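A.B. asks:
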Amino acid sequence: MNSPRLPWGCPNFGAPLFLRLRWEQPSRLARTLVAATMLAGLLISASSALAQPTRADAEKDPVLKAMLEELDRSMSQLDLKGFAKPFFIQYRIEEVQDFQTRAEFGSSEGSDLAHQRLARVTVRVGDYKTDSSGGRGDGALELAVLDNDPIALRSTLWAATDQAYKAALAAYAQKQAELKQVQTPPQADDFSHEKPIISLADPIPLHIDEDAWAQRVARVSGLYRTDSSVSAEQHEVQYSNAGFRARVTTTWLVTSEGTIVRKSAAEYEETFAAGTQAADGMHLDRSYASVGTSLDDLDSEAAFNKHAVDEIASLAELRKAPLVEEEYHGPLLMSADAAADTLRGLLGTAVTATRPPLGTEARTNGPFASSYHARVLPDFMDVFDDPSLRIWNGKGLVGAYNVDDEGVPAQTVDLVDSGRLDNYLIGRQPVRDFPQSDGHGRAGLTGPARPMIGVLKITAENGLSDDALNQKLLDMAKDRGLKSVYYVETLGGERNPRLLYRVSPDGKRELVRGAVLDDIDERALRSSIEAAGEELYVANYFGDPPATVLAPALLFDDATVRRANQKNEKLPFYPPPE
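Numbering (our numbering), first residue to last: 2 to 579.
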């Protein structure tokens with residue numbers, strides 16, 4: 002992976018307690034006594050296993066007990082004479098344990114272990130059709146105590162509730178005034194009705210050998226001078242750093258509708274980055290990251306070190322590589338790694354539905370706002386988002402989750418079917434034709450929930466092998482009489498190739514540098530993808546919240562590769578220490 006990816010979905014912990022049971026009537030009424038006994042035993046076991054948790058179960062957790070007591074008090078007592086009473090309140094407390102250690106040039110820069118709780122309160126006045134949401138009406142944030150003292154927790158929630166209620170009243174009055182000035186009424190309600198759930202997953206503990214990881218990343222950051230295969234070029238390396246990060250987030254969420262959720266998720270990431278300059282002063286950078294939902298998902302130290310050494314070695318090749326041609330228009334093949342970054346950037350937000358401005362007839366915002374039921378990809382490609390997909394080819398997927406940050410169970414959403422956009426990802430803020438949440442209201446640690454991807458999977462019918470894609474690229478070059486075409490191995494951003502190869506008609510690849518990609522946009526996704534790969538690359542993005550993209554390699558019929566318009570810096574005036 003070309004760049005570090007920045008806590009969800011550990012498959013061995015925190016299984017949700019809300020489940021569905023499908024039972025089919027036996028085809029024959031007569032059963033033997035043994036079979037009947039076995040069936041009765043199975044049904045009793047299933048009934049016990051699927052027993053729904055209750056509020057009494059939730060109140061065994063001191064955090065949830067304090068939240069529920071204060072929520073009840075707020076709903077009964079928060080009533081300012083002459084002003085609207087809240088119709089909905091949500092309390093969300095997140096406890097974050099975050100360990101980081103960093104190193105550079107073979108030596109540790111230190112480690113940090115942060116542990117804190119944040120409380121976010123949302124108060125809505127009005128009703129489901131028209132409420133106070135939007136702008137200042139989206140809630141209040143407070144730091145919360147780490148111990149479970151009920152009065153301290155409830156006092157934090159009380160202060161935030163008071164602040165959120167005042168903001169909601171002001172926002173509601175402003176919205177009412179704005180509605181009187183628009184001619185086109187809103188196309189959907191402000192807030193969706195959702196069935197309350199109670200889901201109680203066990204918290205995940207954070208167990209890290211802090212000293213061992215600090216030493217490991219220090220060793221990685223010094224490979225440029227300790228590994229014999231690359232140490233001869235160590236004087237050319239201008240920076241070499243490494244890091245490790247582990248984060249566990251436990252979330253408690255309660256609403257006035259009756260939803261009670263406790264969930265916990267973990268994510269881990271090891272990173273390496275190194276850089277140099279070419280003789281003309283151009284900065285050249287390489288990086289690698291290993292990301293997963295458990296320590297077992299990460300590369301072994303030996304495997305990670307091999308990747309780091311490969312990145313360092315590629316810097317020497319890049320320094321010697323020629324500059325890209327002034328401008329090229331034609332076929333371009335993207336590896337699955339590069340395609341994952343591209344598709345995340347182009348599809349990741351385009352397939353989410355958010356409320357458009359007041360007074361407009363638009364369904365949603367963004368590049369796919371008017372693309373509902375229209376073609377957005379070739380007819381041989383499908384896209385869906387499945388937060389329940391926790392493992393792919395043995396790798397934990399950080400974007401997986403069971404319940405979103407609005408208390409709605411995650412759903413698999415078929416977004417693109419045979420190239421046609423059939424659905425959007427949506428939270429509890431409805432848009433035209435989409436009145437209900439599909440469980441994709443996700444939130445950062447300090448922000449309100451909004452629609453986001455979880456595990457975005459892009460597939461191609463009759464996808465091609467890497468060899469077949471490469472041959473198709475060469476065939477396209479031959480058919481068009483081109484002296485060369487291009488292959489992108491990794492990106493350092495949506496448009497900036499870090500490893501770009503010029504491919505001659507005989508298949509020989511030559512590394513080039515100093516390029517940016519143009520014309521790789523939503524239009525290109527719709528009309529320029531000629532073929533796609535059969536194998537999917539797992540791109541885990543460590544983040545807040547994290548996400549996963551499963552993507553195939555992509556062959557574009559027409560793309561633009563041009564020289565980057567950047568100013569090179571002077572080389573160092575004297576060599577580094579030895």
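Even for Gly, the Cβ is constructed at its ideal location relative to N, Cα and C.
Keep in mind it's a predicted model, so treat the numbers as computed, not measured.
Measure the alpha-carbon distance for residue 516 versus residue 510 and round it to whole angstroms.
C.D. replies: Walking along the sequence shown from the start, residue 516 turns up at place 515. Walking along the sequence shown from the start, residue 510 turns up at place 509. Answer to the nearest angstrom: the Cα atoms are 16 Å apart.
A.B. asks: Within 10 angstroms of the Cβ of residue 284, are there 16 or more other Cβ atoms? Answer buried if so, exposed if not.
C.D. replies: Position 283 of the sequence shown, counted from the first residue, corresponds to residue 284. Burial call: exposed.
A.B. asks: Identify whether residue 456 lies in helix, strand or coil by the three-state DSSP scheme.
C.D. replies: Residue mapping note: residue 456 aligns to position 455 of the sequence shown, counting from 1. Three-state DSSP puts residue 456 in a strand.
A.B. asks: Threshold first: 3 residues or longer. Then list the beta strand (DSSP E) segments lying entirely within the region 404-486, N to C.
C.D. replies: Residue ranges of uninterrupted beta strand (DSSP E) with 3 or more members, entirely inside the region 404-486 and ordered along the chain, are 414-418 and 456-461.
A.B. asks: Curious, which full-length beta strand (DSSP E) runs of at least 3 residues does the region 243-278 contain?
C.D. replies: Counting whole runs of 3 or more residues, the region 243-278 contains the beta strand (DSSP E) stretches 261-278.
A.B. asks: Determine the direct distance from the alpha carbon of residue 565 to that of residue 61, and round the result to whole angstroms.
C.D. replies: On the sequence shown, residue 61 is found 60 positions in, with the first residue counted as 1. On the sequence shown, residue 565 is found 564 positions in, with the first residue counted as 1. Near 60 Å, if we compare the C-alpha coordinates of residue 565 and residue 61.
A.B. asks: Just the Cα atoms here: how many angstroms apart are residue 575 and residue 239?
C.D. replies: Position 574 of the sequence shown, counting from 1, holds the residue named residue 575. Position 238 of the sequence shown, counting from 1, holds the residue named residue 239. If I take the Cα positions, the gap works out to 12 Å.
A.B. asks: Within the same chain, show all residues whose beta-carbon is closer than 7 Å to that of residue 411, passing over the 5 residues directly before and after it, in chain order.
C.D. replies: In the sequence shown, counting from the first residue as 1, residue 411 sits at position 410. For residue 411, where only same-chain residues beyond five positions count, the Cβ hits under 7 Å are 388, 389, 402, 403, 404, 405, 440 and 455.
A.B. asks: Put residue 143 into one of helix, strand or coil per three-state DSSP.
C.D. replies: The sequence position of residue 143 within the sequence shown is 142, counting from 1. The answer is strand: DSSP assigns residue 143 an E or B state.
A.B. asks: Quick test of your reading: residue 436 and residue 128, contact by CB under 8 Å. State the CB separation rounded to the nearest angstrom.
C.D. replies: Numbered from 1 along the sequence shown, position 435 holds the residue referred to as residue 436. Numbered from 1 along the sequence shown, position 127 holds the residue referred to as residue 128. That belief does not hold up - the Cβ atoms of residue 436 and residue 128 are roughly 15 Å apart, past 8 Å.
A.B. asks: What residues in its chain sit with their C-beta under 8 Å from that of residue 367, if we drop five residues either side in the sequence?
C.D. replies: Counting from one through the sequence shown, the residue named residue 367 turns up at place 366. Only 350, 351, 353 and 355 meet the Cβ criterion.
A.B. asks: With the cut-off set at 7 Å, would you say residue 256 and residue 264 are in Cβ contact?
C.D. replies: Taking the sequence shown and counting its residues from 1, one reaches residue 256 at position 255. Taking the sequence shown and counting its residues from 1, one reaches residue 264 at position 263. Against a cut-off of 7 Å, the Cβ pair of residue 264 and residue 256 comes out as no contact.
A.B. asks: Can you name the residues that DSSP bridges to residue 199?
C.D. replies: Counted from its first residue, the sequence shown places residue 199 at position 198. In the DSSP output, where bridge partners are listed per residue, residue 199 has 261.
A.B. asks: Rounded to the nearest angstrom, what separates residue 568 and residue 489 at their Cα positions?
C.D. replies: On the sequence shown, position 567 is the one that residue 568 refers to. On the sequence shown, position 488 is the one that residue 489 refers to. Using only the alpha carbons, I get a separation of about 23 Å.
A.B. asks: If you pair each beta-carbon of the region 189-206 with each one of the region 105-118, do three or more pairs fall below 8 Å?
C.D. replies: no
A.B. asks: How big is the Cα-Cα spacing for residue 93 and residue 227?
C.D. replies: Counting from one through the sequence shown, the residue named residue 93 turns up at place 92. Counting from one through the sequence shown, the residue named residue 227 turns up at place 226. Answer to the nearest angstrom: the Cα atoms are 48 Å apart.
A.B. asks: Kindly indicate the opening and closing residues of the alpha helix (DSSP H) around residue 346.
C.D. replies: Reading the sequence shown from its first residue, position 345 is the one you call residue 346. Under the DSSP assignment, residue 346 falls in the alpha helix (DSSP H) whose first and last residues are 337-348.
A.B. asks: Could you tell me the distance, in whole angstroms, from the CA atom of residue 465 to the CA atom of residue 533?
C.D. replies: As a working mapping, residue 465 is identified with position 464 in the sequence shown. As a working mapping, residue 533 is identified with position 532 in the sequence shown. Whole-angstrom Cα-Cα distance: 6 Å.
A.B. asks: Would residue 312 and residue 267 be called neighbours here (beta carbons separated by less than 7 Å)?
C.D. replies: Numbered from its first residue, the sequence shown carries residue 312 at position 311. Numbered from its first residue, the sequence shown carries residue 267 at position 266. Result no, Cβ atoms of residue 312 and residue 267 do not sit closer than 7 Å.
A.B. asks: Check residue 123 in the structure and name its three-state DSSP category.
C.D. replies: Here residue 123 corresponds to residue number 122 of the sequence shown, with the count starting at 1. Residue 123: strand per DSSP, three-state reduction.
A.B. asks: Cutting at 8 Å between CB atoms, please list the residues of its own chain near residue 501, excluding the five before and the five after it.
C.D. replies: Stepping through the sequence shown from its first residue, residue 501 is reached at position 500. Closer than 8 Å at Cβ, skipping near neighbours: 325, 487, 488, 489, 490, 512, 513, 514, 516 and 562.
A.B. asks: Where do the N-terminal and C-terminal ends of the alpha helix (DSSP H) with residue 306 fall, by residue?
C.D. replies: By 1-based counting over the sequence shown, the position of residue 306 is 305. Looking at the DSSP string, the run of the alpha helix (DSSP H) that includes residue 306 is 302-321.
A.B. asks: Please classify residue 208: does DSSP put it in a helix, a strand, or coil?
C.D. replies: In the sequence shown, the residue the question calls residue 208 occupies position 207. Correct three-state label for residue 208: coil.
A.B. asks: To the nearest angstrom, how far is the alpha carbon of residue 202 from that of residue 262?
C.D. replies: As a first step, residue 202 is located in the sequence shown; it is residue number 201 there, counting from the start. As a first step, residue 262 is located in the sequence shown; it is residue number 261 there, counting from the start. Going by the C-alpha atoms only, they are around 8 Å apart.
A.B. asks: Distance check for residue 249 and residue 571, CA to CA, integer angstroms please.
C.D. replies: Along the sequence shown, read from residue 1 onward, the residue named residue 571 stands at position 570. Along the sequence shown, read from residue 1 onward, the residue named residue 249 stands at position 248. The straight-line gap from Cα to Cα measures roughly 43 Å.
A.B. asks: Quick check on the DSSP output: the beta strand (DSSP E) that includes residue 564 runs from which residue to which?
C.D. replies: Counted from its first residue, the sequence shown places residue 564 at position 563. Here the beta strand (DSSP E) through residue 564 covers 555-564.
A.B. asks: What whole-angstrom Cβ distance do residue 198 and residue 260 have, given they're in contact under 8 Å?
C.D. replies: Taking the sequence shown and counting its residues from 1, the one referred to as residue 198 is at position 197. Taking the sequence shown and counting its residues from 1, the one referred to as residue 260 is at position 259. Contact between residue 198 and residue 260 holds: their C-beta atoms lie close to 6 Å from each other, under 8 Å.
A.B. asks: Return helix, strand or coil for residue 382, following the three-state DSSP convention.
C.D. replies: Within the sequence shown, numbered from 1, the residue matching residue 382 stands at position 381. In the structure shown, residue 382 sits in a strand (DSSP, three-state: E or B).
A.B. asks: Which residues in the same chain as residue 106 place their Cβ atom closer than 7 Å to its Cβ, once the five residues preceding and following it in sequence are excluded?
C.D. replies: Sequence index remark: in the sequence shown, residue 106 carries index 105 (1-based). In chain order, 222, 223 and 241 place their CB closer than 7 Å to the CB of residue 106, counting only its own chain and leaving out the 5 sequence neighbours on each side.
A.B. asks: Where does the unbroken alpha helix (DSSP H) through residue 526 begin, and where does it stop?
C.D. replies: Along the sequence shown, one-based indexing puts residue 526 at 525. From DSSP, the alpha helix (DSSP H) with residue 526 extends over 523-528.
A.B. asks: When you compare the CB positions of residue 104 and residue 183, do they come within less than 7 Å of one another, or not?
C.D. replies: As a working mapping, residue 104 is identified with position 103 in the sequence shown. As a working mapping, residue 183 is identified with position 182 in the sequence shown. Not closer than 7 Å, so no.
A.B. asks: Indicate the three-state DSSP secondary structure (helix, strand or coil) for residue 117 in the structure shown.
C.D. replies: Position 116 of the sequence shown, counting from 1, holds the residue named residue 117. The answer is strand: DSSP assigns residue 117 an E or B state.
A.B. asks: According to DSSP, simplified to helix, strand and coil, what is residue 573?
C.D. replies: Residue numbering aside, residue 573 sits at position 572 when the sequence shown is read from its first letter. Correct three-state label for residue 573: coil.
A.B. asks: Can you check DSSP and say which residues form a bridge with residue 548?
C.D. replies: Within the sequence shown, numbered from 1, the residue matching residue 548 stands at position 547. DSSP lists 542 as partners of residue 548.
A.B. asks: Answer yes if the region 367-378 comes into contact with the region 408-423, meaning at least three C-beta pairs across the two stretches below 8 Å, and no otherwise.
C.D. replies: yes
A.B. asks: Hey, could you find the ends of the beta strand (DSSP E) residue 63 is sitting in?
C.D. replies: Counting from 1 along the sequence shown, the entry for residue 63 is found at position 62. Residue 63 -> not in any beta strand (DSSP E); alpha helix (DSSP H) instead, spanning 63-78.
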